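There are 2 protein chains.
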Amino acid sequence: MNGTTPQQQKKNVLIVSAHPDPRSLNASLTAFAAGHLRAAGHEVQVSDLYAMKWKATVDADDFPDHPGDRRLAVMAASEQATLAGRLTPDVAAEQEKVRWADAVILQFPMWWFSAPAILKGWIDRVFTAGFGYGLSVPPPYSEGILGGRRALVSVTAGARETSFSDRGIHGELADVLYPLQHGLFWFTGMAPVDPFVVYDANELPAERAEAAQRAYARRLDGLFTDAPVPFRTLTGGDYDHDMRLLPGKETPGASGLALHSRPRP
Amino acid sequence: MNGTTPQQQKKNVLIVSAHPDPRSLNASLTAFAAGHLRAAGHEVQVSDLYAMKWKATVDADDFPDHPGDRRLAVMAASEQATLAGRLTPDVAAEQEKVRWADAVILQFPMWWFSAPAILKGWIDRVFTAGFGYGLSVPPPYSEGILGGRRALVSVTAGARETSFSDRGIHGELADVLYPLQHGLFWFTGMAPVDPFVVYDANELPAERAEAAQRAYARRLDGLFTDAPVPFRTLTGGDYDHDMRLLPGKETPGASGLALHSRPRP
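Going down the list, the protein sequences come from chains A and B.
Read the first sequence against numbering that gives the first Met the number 0 and you will find it ends at 264, with the numbers running on by one and no gaps.
Read the second sequence against numbering that gives the first Met the number 0 and you will find it ends at 264, with the numbers running on by one and no gaps.
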């Protein structure tokens, strides 16, 4: 850190929060994170999706220039609208926040082993072709279009931790969250750190809520310095032209989704 | 089949379809499946989520009896409304369709490695506590609350098949769909068969669309007879009380999410 000034350490953080009740544990974790990060000198924006009444579904209204009598091929319409600067104002505003951000945090309760629909709809609508993926942007799974950004999933789960352990029946948490960690963040070039989880969260006594905040504070302090999940780059020589991992590249003993991570140091 | 009559073979099938355009490949696969199953003597209902303008987000309006000044704990409110028969009519109607069905088919384009938000919102809202999970119903991952039903994911993907193969960078398809196959269907007692997928689906020439229909027809013909994915039951002796797979129970060489399947015959 020689020669750096506090100004150079200041970062921009976007928190996207998805719980219907402002008195919920999720809302309190969002408020806590915003306060903690601001106290550390960072700038924070919060997209509180329920408070914003975020429109969750991709449909023809998202692409004002698309002729109503033509079949809606979503990827093509999405790319055309993005490249022409003709997205709806709500989507354009969220894209601007993602571009502004040095880190994106998704805060949500795990519902059916994934994000609530309103947050899935933020992902579906904001990460348009031409913004998050597509032929006009750098290849996925690399330091591509959104490279240089950190990403953190902060999730609450009703289940106990053991059920998400390496032999837990729900699946290991990293595997269950692979569509977000690898499929959204790493696909678009963002570097995800390990998820932060509050387990057994349906009835959380005050002392456990406080312990969760302390644990979350440590993760927020490491948001820009903790090692990210060591996912492999698509273009780094590990994959063939059909996007399959080359024989022998895997970490010894690894199989399943763990194939796509390098060994941890 | 000795002694059975055609009447006894007749089954009820619910197709839940999630694409914004009625001229889309997804809409055509839904129409094809409905026609094919009806021609085989089955009864079919279709929930066309976009046409129904399905409300995607869980919020306080879903629980009319919940006092607005009290914090909304979603699982508790959901269970109370379900057990009291006080769900909203749209949710109650979909639950009735699921109860009626001998098989549920989800038809959707893969967006960000999971279901579109409108379909996630169907799952979030319809599978309430007390209906799909919860303390008042049989344990998950067994022949529990929705046992006896088949389930099929029918999905279109822009990517090529190799990228979803066992070494493909997107993750093996079965692992990417684990939150649906295991986390939704098997969790609630439904028996999922292997997914049906149309890859490279963004620009599908007519001959490939026809080949996809023929392939889909074969899968629909086997909907009630193909072997389901051999997921392990929670209560069958494979797991400990913390829901972890017991040592030595895994198929030799299996790791990751494959731990939770028995070997295929």
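Cβ atoms here follow ideal geometry from the backbone N, Cα and C, with glycine treated the same way.
All values derive from a computational prediction rather than experimental measurement.
Residues sharing a beta bridge with residue i, DSSP
i      : result
S16/B  : D47/B and Q106/B
G167/A : R243/B
T155/B : P108/B and V197/B
P191/B : A150/B
Y132/B : A128/B
Y238/A : L244/A
N11/A  : E42/A
F230/B : S260/B
S113/B : W110/B
Residue i classed as buried or exposed, judged by whether at least 16 other C-beta atoms fall within 10 angstroms
i      : result
R243/B : buried
D123/A : buried
A226/A : exposed
K54/A  : buried
T127/B : buried
Q8/A   : exposed
S135/B : exposed
K266/B : Since the first and last residues shown for chain B are 0 and 264, residue 266/B lies out of range.
P229/B : exposed
D60/A  : exposed
L245/A : exposed
G147/B : exposed
E142/B : exposed
R231/B : buried
A190/B : buried
P204/B : exposed
V197/B : buried
A38/B  : exposed
E78/A  : buried
G188/B : buried
A83/A  : exposed
P139/B : buried
E202/A : exposed
P19/B  : buried
P194/B : buried
G235/B : exposed
H169/B : buried
Span separating the alpha-carbon of residue i from that of residue j
i      : j      : result
Y265/B : S153/B : Here chain B covers residues 0 to 264 and nothing more, so residue 265/B does not appear.
G240/A : F130/A : Strictly speaking, residue 240/A in this sequence is His, with Gly absent from that position. Cα to Cα, the separation comes out at about 24 Å.
F223/B : R149/B : 7 Å
F107/A : I14/A  : 10 Å
R207/B : D220/B : 20 Å
D68/A  : D58/A  : 14 Å
G167/A : A210/B : 39 Å
E171/A : R261/B : 17 Å
V103/A : H259/A : 22 Å
K10/B  : I144/A : 49 Å
W121/B : T81/B  : 16 Å
R218/B : A253/A : 32 Å
V90/B  : P251/A : 48 Å
A173/B : F186/A : 19 Å
A30/B  : P115/A : 28 Å
V43/B  : P264/A : 54 Å
L118/B : L105/A : 20 Å
R213/A : Y238/A : 40 Å
Y49/A  : W110/A : 16 Å
S27/B  : P21/B  : 8 Å
A75/B  : S164/A : 25 Å
G34/A  : G40/A  : 10 Å
T161/A : E249/A : 27 Å
Q180/B : E95/A  : 35 Å
G255/A : V73/A  : 30 Å
Y215/B : R70/A  : 23 Å
G133/A : A17/A  : 27 Å
L86/B  : T56/B  : 14 Å
G247/B : D199/A : 28 Å
G182/A : V12/B  : 31 Å
S113/B : A156/B : 10 Å
E32/A  : S46/B  : Here residue 32/A is Ala; the residue named in the question, Glu, does not match the sequence. Their backbone Cα atoms lie some 40 Å apart in a straight line.
S23/B  : V175/B : 23 Å
Contact with chain D by residue i, beta-carbon distance below 8 Å
i      : result
G235/B : The chain labelled as chain D is not found among the protein chains of the depicted structure, namely A and B.
**Asked** With a cut-off of 8 Å, do at least 3 Cβ pairs link the stretch 99 to 116 of chain B to the stretch 64 to 80 of chain B?
**Response** The way I'd put it, the stretch 99 to 116 of chain B doesn't touch the stretch 64 to 80 of chain B; fewer than three beta-carbon pairs between them come closer than 8 Å.
**Asked** Taking any Cβ of chain A, which residues in the stretch 194 to 208 of chain B have a Cβ under 9 Å from it, in chain order?
**Response** When CB distances to chain A are screened at a threshold of 9 Å, the residues of the stretch 194 to 208 of chain B falling below it are N201 and E202, in chain order.
**Message:** Any C-beta of chain A within less than 7 Å: which residues of the stretch 31 to 57 of chain B qualify?
**Reply:** Residues of the stretch 31 to 57 of chain B with a Cβ closer than 7 Å to any Cβ of chain A, in chain order: Y49, A55, T56 and V57.
**Cβ-based contacts, 8 Å cut-off: residues of the stretch 75 to 90 of chain A near chain B** = Of all residues in the stretch 75 to 90 of chain A, A75 have a Cβ within less than 8 Å of some Cβ in chain B.
**Cβ-based contacts, 7 Å cut-off: residues of the stretch 237 to 249 of chain A near chain B** = Residues Y238, D241, M242, R243 and L244.
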